[in-house]
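To start, the structure itself, in structure tokens.
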Amino acid sequence: MYDFRYTRPTMLAEALQSAEEADSKFLAGGMTLLPACKQRLARPSTLIDLGGIRELAGISMQDGTLRIGAMTRHFEVAASEAVRTAIPGLARLAGVIGDQQVRHRGTIGGSVANNDPAADYPAGLLGLGATVATDRRTIAADDFFLGLFETALEEGEMLTSVSFPVPDAAAYEKFSSPASGYALIGVMVSRTGADVRVAVTGGGHGVFRVAAAEAALVDDWSPQAVSGIEVDADMLSDDHGAPTAYKMALIRTLTARAVASMVR
Amino acid sequence: MPSVSLTVNGQPVTVEVENRTLLVQLLRDRLSLTGTHIGCDTSQCGACVVHLDGISIKSCTILAVQCEDAEVVTIEGIASSPGLHPMQEAFNHKHGLQCGYCTPGMIMSLIDLLRVEPHPDEHAVRKWLEGNICRCTGYQSIVDAALECAQQQSGGASAHV
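Laid out in structure tokens, this is it:
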């Protein structure tokens, strides 16, 4: 790992000021950034540790919306009574990220800002129609994730919280890589009134919605409805361990399981 | 050079470190607490698990400078002198190790499990150990040790096996 400057501000304004420096990086849970630094894939000039900024952490319900601060750690979301009551599928998602020690450090803001194509939270945000708040604006999940490790965040822009509208029902189903714990495929399905969202992570090119599955489930809210759906093959990478056809089968199966868990 | 002040196994320490120094390097190289192991160095294997402010974490994936004012407990700090911690006793009794390389991390991880969930079943133990890799035992004896420790700590009430 190359050395860097390190700062641990307690105020948001201080952190944003530090972020004006070229090649500085926000450090959230560090579960991706620190391994990337070790491998010299990342070479930040300054790491701005957000762990000391209290206002960035915490979970609250406001006007039917669940707000989760960027520095809230995965195990806190998984165990939160507020999350388990409002959106149990989101608590479940947080509880199957990585392993327990990763969940003790990793944060929702870090995961979302990193947008790993096999991470769980991007599917959670897209499948639930969440809104990302930054220091300067709000961005709908539909506009936030721009492919492989790419997001709508600008240089020096800090993700501060994520807000989830509470759906009528939502479920997350994941087939984990037994080696890494990342999603081979993960599917978040939610229903709010007549509106259905289906978001898939692990495809290979970044999180995406499956329009065919959403339309099928609007017509027929049942596991059988998605058995024959088409998934755009362009959204799936043909990997050695998981060929495109296998990923398509996983998407159909996990979507059906998610729906089954909500209709029974 | 930056320095970091923290408490390690109950002792306050202040050490000069580089910003890039990892907690595991501070423990092993600067404080000679070599019970915390480096296995994969990529936060997969769990050989480096320690407690940070009471919670199990992988000390290879946190900077030493992030631990300012924190309380760190390592495998060297769990036993009340003299003798072993009940989890260590259970590993001994159930043969929960062969080569022993993963054992400190396993024990630190499982002590944290029993803090959160004093009466885990076998499934809960296995799920909790997803981040701890053992290449010798096949895990069965480790799971047995965890369940025995849980049973003994709850005063001999039967574990939910």
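Note that the protein sequences, when read in sequence, are chains D and H. At position 212 of the first sequence the residue is numbered 212 (the working numbering), and the sequence of numbers has no breaks. At position 116 of the second sequence the residue is numbered 116 (the working numbering), and the sequence of numbers has no breaks. Ideal placement from N, C-alpha and C gives every residue a C-beta, glycine not left out. Note that this is a predicted model, so its numbers are computed, not measured.
Return the chain-ordered list of same chain residues with a C-beta closer than 6 Å to the C-beta of residue i, the five sequence neighbours on each side being excluded.
| i | result |
| --- | --- |
| residue 74 of chain D | 94, 97, 103, 106 |
| residue 175 of chain D | 184, 185, 250 |
| residue 58 of chain D | 69 |
| residue 192 of chain D | 167, 168 |
| residue 1 of chain D | 37, 38 |
| residue 133 of chain D | 160, 161 |
| residue 61 of chain H | 43 |
| residue 182 of chain D | 118 |
| residue 257 of chain D | 173 |
| residue 131 of chain H | 46 |
| residue 77 of chain D | 83, 94 |
| residue 9 of chain D | 15 |
Are the CB atoms of residue i and residue j nearer to each other than 8 Å?
| i | j | result |
| --- | --- | --- |
| residue 249 of chain D | residue 201 of chain D | no |
| residue 87 of chain D | residue 164 of chain D | yes |
| residue 162 of chain H | residue 68 of chain H | A query on residue 162 of chain H cannot be resolved here, the shown segment of chain H reaching from 1 to 161 and no further. |
| residue 64 of chain H | residue 13 of chain H | no |
| residue 196 of chain D | residue 214 of chain D | yes |
| residue 49 of chain H | residue 9 of chain H | no |
| residue 58 of chain H | residue 101 of chain D | yes |
| residue 237 of chain D | residue 206 of chain D | no |
| residue 259 of chain D | residue 217 of chain D | yes |
| residue 50 of chain D | residue 71 of chain D | yes |
| residue 47 of chain D | residue 6 of chain D | yes |
| residue 263 of chain D | residue 222 of chain D | yes |
| residue 103 of chain H | residue 110 of chain H | no |
| residue 71 of chain H | residue 137 of chain H | no |
| residue 21 of chain D | residue 45 of chain D | yes |
| residue 139 of chain H | residue 39 of chain H | no |
Cutting at 7 Å between CB atoms, please list the residues of its own chain near residue i, excluding the five before and the five after it.
| i | result |
| --- | --- |
| residue 94 of chain H | 141, 144, 145, 148 |
| residue 158 of chain H | Only weak support is given to the placement of residue 158 of chain H: the predicted model assigns it a pLDDT of 48, under 50, and the question is left unresolved by the model. |
| residue 242 of chain D | 184 |
| residue 151 of chain D | 113, 115, 144, 145 |
| residue 230 of chain D | 212 |
| residue 160 of chain H | Per-residue confidence for residue 160 of chain H stands at a pLDDT of 43, beneath the threshold of 50, marking its modelled position as unreliable; the derived number appears in the next sentence. So the qualifying residues of the chain are 119, 121. |
| residue 157 of chain D | 134, 135, 136 |
| residue 247 of chain D | 185, 203, 236 |
| residue 147 of chain D | 205, 206 |
| residue 252 of chain D | 226, 227, 229 |
What are the boundary residues of the beta strand (DSSP E) that includes residue i?
| i | result |
| --- | --- |
| residue 49 of chain D | 46-49 |
| residue 85 of chain H | First-last for residue 85 of chain H: undefined, no H or E at that position. |
| residue 51 of chain H | 49-52 |
| residue 229 of chain D | Unbroken run through residue 229 of chain D: none, as it is neither H nor E. |
| residue 133 of chain D | 131-134 |
What are the boundary residues of the alpha helix (DSSP H) that includes residue i?
| i | result |
| --- | --- |
| residue 176 of chain D | Careful: residue 176 of chain D lies outside any alpha helix (DSSP H), inside the beta strand (DSSP E) at 169-176. |
| residue 63 of chain D | Careful: residue 63 of chain D lies outside any alpha helix (DSSP H) and carries neither H nor E. |
| residue 35 of chain D | 33-38 |
| residue 139 of chain D | Residue 139 of chain D -> not in any alpha helix (DSSP H); beta strand (DSSP E) instead, spanning 138-140. |
| residue 120 of chain H | Counting along the chain, residue 120 of chain H falls outside any alpha helix (DSSP H), and DSSP gives it neither H nor E. |
| residue 251 of chain D | 244-263 |
| residue 83 of chain D | 81-86 |
| residue 56 of chain H | No alpha helix (DSSP H) holds residue 56 of chain H; the beta strand (DSSP E) holding it covers 55-58. |
| residue 149 of chain H | 140-153 |
| residue 218 of chain D | 211-219 |
| residue 125 of chain D | 121-128 |
| residue 15 of chain D | 12-18 |
Give me the DSSP bridge partner(s) of residue i.
| i | result |
| --- | --- |
| residue 204 of chain D | D:236 |
| residue 25 of chain D | D:47 |
| residue 107 of chain D | D:73 |
| residue 190 of chain D | D:170, D:197 |
| residue 71 of chain H | H:7 |
| residue 15 of chain H | H:4 |
| residue 183 of chain D | D:176 |
| residue 6 of chain D | D:47 |
| residue 161 of chain D | D:69, D:133 |
| residue 145 of chain D | D:151 |
| residue 162 of chain H | Here chain H comprises residues numbered 1 to 161, so residue 162 of chain H is not present and cannot be evaluated. |
Less than 8 Å between C-beta atoms, sequence neighbours within five positions excluded: which residues of the same chain meet that for residue i?
| i | result |
| --- | --- |
| residue 88 of chain H | 78, 79, 107 |
| residue 124 of chain H | 113, 117 |
| residue 1 of chain H | 16, 17, 18 |
| residue 66 of chain H | 23 |
| residue 85 of chain H | 78, 79, 107, 111 |
If you pair each beta-carbon of the region 142-154 of chain D with each one of the region 55-66 of chain D, do three or more pairs fall below 8 Å?
no
Touch test, the region 220-227 of chain D against the region 4-22 of chain H, Cβ-Cβ under 8 Å, three pairs minimum:
no
Stretch pair the region 120-131 of chain H + the region 112-122 of chain D: three plus CB contacts closer than 8 Å:
no
Across the region 15-24 of chain D and the region 24-38 of chain H, are there enough close Cβ pairs to call them in contact, namely three or more that are closer than 8 Å?
Judged by Cβ distances under 8 Å, the region 15-24 of chain D makes no contact with the region 24-38 of chain H, as fewer than three pairs qualify.
Does the region 24-31 of chain D come into contact with the region 125-137 of chain D, if we say contact requires no fewer than three beta-carbon pairs (one atom in each stretch) closer than 8 Å?
They do not touch, by the three-pair rule.
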